[in-house]
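Chemist:
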Amino acid sequence: MTTDDLAHTTAPRAPLPRFADDEDGAALIEFAIVLPMMLLVFAVIVEGSRLMLSYQSAISGVRDAARYLARVAPLDICTSGGNLNSYTTQLQTIVSQSVSGNSVFPSFVTVNSVTPSLACVVGTYRVSPAPVAQVTANVTVNFPFSGVFTLVGGSLAPITTDVTDSSRVFGS
22 MTTDDLAHTT APRAPLPRFA DDEDGAALIE FAIVLPMMLL VFAVIVEGSR
72 LMLSYQSAIS GVRDAARYLA RVAPLDICTS GGNLNSYTTQ LQTIVSQSVS
122 GNSVFPSFVT VNSVTPSLAC VVGTYRVSPA PVAQVTANVT VNFPFSGVFT
172 LVGGSLAPIT TDVTDSSRVF GS
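Going by my numbering, the sequence shown opens with residue 22, and the numbers climb by one from there.
So, in structure tokens, the structure goes:
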């Protein structure tokens with residue numbers, strides 16, 4: 022092979038075809054393209070799981086508070102003209118804390134208020150009117166990964182909802 026033959030085989034190619042044929046770093050570029058969608062899917066999974074856990078914890082706490090209230094409120098509360106406002110602090114504690122005193126909610130979840138109410142249902146019951154205690158909790162869930170949703174042009178605002186449960190008063 023002569024030097025003329027070698028010169029023809031190693032001649033530099035034009036920059037654009039050389040760039041188009043080069044595959045160095047292709048995996049990195051593909052990963053960079055897919056990364057925002059992967060982060061979005063991860064954020065949806067995490068935030069959805071946190072939302073479900075928070076809502077289930079709120080439902081459980083409100084149910085426990087309604088059952089507690091149904092046991093400690095007097096049976097004759099409808100006929101004696103009483104109300105349930107004196108139990109608000111205890112109900113707030115039942116909804117927001119476990120028996121050990123630890124919060125049952127993940128971080129970024131706030132119990133704004135807990136409100137007891139009483140309905141006196143008239144009917145052909147053993148005790149008429151029948152007292153029914155209702156507990157309503159107002160809960161706000163903030164999302165710590167809400168900034169990830171701005172990658173796709175969206176946002177995730179905090180969710181505030183009411184959770185309500187009721188139970189017939191059996192008295193203490």
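Each residue gets a CB set at the ideal place from its N, CA and C atoms; glycine is no exception. This one's a predicted model, so the numbers in the text were calculated from it and none came from an experiment.
Whole alpha helix (DSSP H) runs in the stretch 51 to 102 with 4 or more residues, listed along the chain?
Modeler: Counting whole runs of 4 or more residues, the stretch 51 to 102 contains the alpha helix (DSSP H) stretches 98 to 101.
Chemist: Quick one: what's got a C-beta closer than 7 angstroms to VAL148's C-beta in the same chain, skipping five residues either side?
Modeler: Translated into the one-based positions of the sequence shown, residue 148 becomes position 127. If we look at VAL148 and ignore the five residues flanking it on each side, its Cβ neighbours are LEU96.
Chemist: How would you label PRO112, buried or exposed, when you count the other beta carbons within 10 angstroms and need 16 or more for buried?
Modeler: Walking along the sequence shown from the start, residue 112 turns up at place 91. Note that residue 112 corresponds to Leu in the displayed sequence, not to Pro. Answer is buried; the Cβ neighbour count reaches 16.
Chemist: How long is the line joining the alpha carbons of LEU37 and GLY46, rounded to whole angstroms?
Modeler: Counted from its first residue, the sequence shown places residue 37 at position 16. Counted from its first residue, the sequence shown places residue 46 at position 25. Roughly 17 angstroms between the two C-alpha positions.
Chemist: Where ASP85 and LEU60 are concerned, what is the direct C-alpha to C-alpha distance, given to the nearest angstrom?
Modeler: Taking the first residue of the sequence shown as position 1, residue 85 is located at position 64. Taking the first residue of the sequence shown as position 1, residue 60 is located at position 39. C-alpha separation (whole angstroms): 37 angstroms.
Chemist: Report yes or no: do the stretch 94 to 109 and the stretch 68 to 80 share at least 3 C-beta pairs separated by less than 8 angstroms?
Modeler: These segments do not touch.
Chemist: Pick helix, strand or coil for LEU37, following the three-state DSSP scheme.
Modeler: Working through the sequence shown from its first residue, we reach residue 37 at position 16. Three-state result, LEU37: helix.
Chemist: Closest by CA to VAL156, which one among GLY168, PHE129, SER81, SER128?
Modeler: As a position in the sequence shown, residue 156 is number 135, starting the count at 1. Of the candidates GLY168, PHE129, SER81, SER128, the one whose C-alpha sits nearest the C-alpha of VAL156 is SER81.
Chemist: Given that a residue counts as buried once 16 or more other Cβ atoms are within 10 Å of its Cβ, and exposed if not, what is ASP186?
Modeler: Stepping through the sequence shown from its first residue, residue 186 is reached at position 165. When all chains shown are included, ASP186 counts as buried.
Chemist: Fully enclosed by the stretch 99 to 182, which alpha helix (DSSP H) runs are 4 residues long or longer?
Modeler: You should have 109 to 117.
Chemist: Leaving out the 5 sequence neighbours to the left and right, which residues in its chain are closer than 7 angstroms to ASN163 when beta-carbon positions are compared?
Modeler: Taking the first residue of the sequence shown as position 1, residue 163 is located at position 142. Taken in chain order, the residues that qualify are PHE129, PRO179.
Chemist: Skipping 5 residues on each side, what residues in its chain have a beta carbon closer than 6 angstroms to that of LEU177?
Modeler: For the purposes of this step, residue 177 is taken as residue 156 along the sequence shown, with counting starting at 1. Answer for LEU177: PHE164, SER167, PHE170, listed in chain order.
Chemist: Tell me the rounded alpha-carbon separation between VAL93 and GLY192.
Modeler: Your numbering for residue 93 matches position 72 in the sequence shown. Your numbering for residue 192 matches position 171 in the sequence shown. About 6 angstroms.
Chemist: Given this structure, state the Cα-to-Cα distance separating GLN118 from THR136, to the nearest angstrom.
Modeler: For the purposes of this step, residue 118 is identified with residue 97 of the sequence shown, where counting begins at 1. For the purposes of this step, residue 136 is identified with residue 115 of the sequence shown, where counting begins at 1. Those two C-alpha atoms are separated by around 16 angstroms.
Chemist: Between ALA64, ASN133, VAL67, ALA91, which lies nearest to ASP183 when the distance is taken from Cα to Cα?
Modeler: Here residue 183 corresponds to residue number 162 of the sequence shown, with the count starting at 1. Ranking ALA64, ASN133, VAL67, ALA91 by Cα distance to ASP183 puts ASN133 first.
Chemist: Can you find a CB in chain C that lies within less than 9 angstroms of the CB of GLN113?
Modeler: In the displayed structure, chain C is absent; only one protein chain is listed.
Chemist: Please classify VAL55 as buried or exposed, where buried requires at least 16 other C-beta atoms within 10 Å of its C-beta.
Modeler: One-based indexing of the sequence shown puts residue 55 at position 34. With fewer than 16 other Cβ atoms within 10 Å, it is exposed.
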